[in-house]
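Heads up: the sequence shown begins at 19 in my numbering, then just goes up one per residue.
By construction, the Cβ of each residue, glycine as well, lies at the ideal position given by its N, Cα and C atoms.
Beneath this line is the structure, given in structure tokens, with notes to follow.
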Amino acid sequence: MVEPHDDAPPTTSKRSGKRSGAGEQAAAELVEHKGDTLIGRSVTINRPRDELYAVWRDFGNLPRFLDNVERVDVIDDRRSHWVVKAPGGKTVEWDAVITQEQPGEMIAWASTEGAEVPNSGRIDFRDVGGRGTVVSATIVYDPPAGFIGKVIAKMFQREPAIQARRDLRRFKQLMETGEIATAARTREMLGKEKD
């Protein structure tokens, strides 16, 4: 008997038949499993799949909408160096390698050995007819300092589960409107108010 196709994001897949096994199933679907904490988020963006994929695949674009990412230095076609904000004004760094790629559909990565924050994940792009594209992020990571580090990151709003939701929303805003809405008042705005 052929099992029915389940196109749900890996973190919500019902293939395992048990709710408690869904996280293990999702982690197993990642090409490289690096970490113990699994998160998954999705957003529908009213743009063509290939356009969204192209923006995401150019890693130099990522700091524009991934708020905690200070920079991504592209080393070559498959490798990059990441510098990411951490709680307390610190940064963490690691090298990552693309482990699997299907142009226009999916990018999977894993941190290399010795990463300060071991992580792996994938970004999937799926057409949803006239409504655009569903972009799904699935990430597995080990927080620095384990559980305590996760609690501290949550307090400072730097925990990846919180940040993934915000970052996908920022990506949606950028791709649909050309800018990211913010409540922060810029120096330029403050200067105009004084005039």
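Task: residue 137 versus residue 145: straight-line alpha-carbon distance, rounded - done: Here residue 137 refers to the residue found at position 119 of the sequence shown. Here residue 145 refers to the residue found at position 127 of the sequence shown. One C-alpha to the other measures close to 27 Å.
Open item on the list: Going by DSSP, what residue range makes up the alpha helix (DSSP H) through residue 72?
Closed with: Translated into the one-based positions of the sequence shown, residue 72 becomes position 54. Unbroken alpha helix (DSSP H) run through residue 72: 67-75.
Task: Nearest neighbour of residue 100, chosen from 79, 193, 123, 69 [CA to CA] - done: For this step, residue 100 is matched to residue 82 along the sequence shown. For the residues 79, 193, 123, 69, the minimum Cα distance to residue 100 belongs to 79.
TODO: Would you please state the rounded distance, in angstroms, between the beta carbons of residue 73 and residue 81? I believe it to be under 8 Å.
DONE: The residue labelled residue 73 in the question sits at position 55 within the sequence shown. The residue labelled residue 81 in the question sits at position 63 within the sequence shown. Incorrect: roughly 12 Å between the Cβ atoms, too far for contact.
- [ ] Would you check if the stretch 63-71 and the stretch 185-194 touch, i.e. whether three or more CB-CB distances between them fall below 8 Å?
- [x] Yes, since at least three Cβ pairs between the stretch 185-194 and the stretch 63-71 fall closer than 8 Å, the two stretches touch.
Open item on the list: At the level of alpha carbons, what is the spacing between residue 156 and residue 126?
Closed with: Indexing the sequence shown from 1 puts residue 156 at position 138. Indexing the sequence shown from 1 puts residue 126 at position 108. Cα to Cα, the separation comes out at about 9 Å.
Task: Nearest neighbour of residue 92, chosen from 196, 131, 112 [CA to CA] - done: Locating residue 92 in the sequence shown gives position 74, counting from the first residue. Answer by Cα proximity: 112.
Open item on the list: Using the three-state DSSP reduction, which class does residue 195 fall into: helix, strand or coil?
Closed with: The sequence position of residue 195 within the sequence shown is 177, counting from 1. Residue 195 carries a helical assignment under DSSP once its states are collapsed to helix, strand and coil.
TODO: Return yes when the Cβ of residue 158 is within less than 7 Å of the Cβ of residue 60, no when it is not.
DONE: Taking the first residue of the sequence shown as position 1, residue 60 is located at position 42. Taking the first residue of the sequence shown as position 1, residue 158 is located at position 140. Cβ atoms of residue 60 and residue 158: not closer than 7 Å.
Open item on the list: Quick check on the burial criterion: 16 or more other C-beta atoms within 10 angstroms. Buried or exposed for residue 142?
Closed with: By one-based count along the sequence shown, residue 142 stands at place 124. So residue 142 ends up on the buried side.
Task: Start and end residues, beta strand (DSSP E) containing residue 88 - done: Walking along the sequence shown from the start, residue 88 turns up at place 70. Element bounds for residue 88: 87-92.
Task: Cut-off 8 Å between Cβ atoms - residues of its own chain near residue 122, not counting five sequence neighbours on either side - done: For the purposes of this step, residue 122 is identified with residue 104 of the sequence shown, where counting begins at 1. Cβ neighbours of residue 122 within its own chain (closer than 8 Å, five residues either side excluded): 67, 68, 71, 143.
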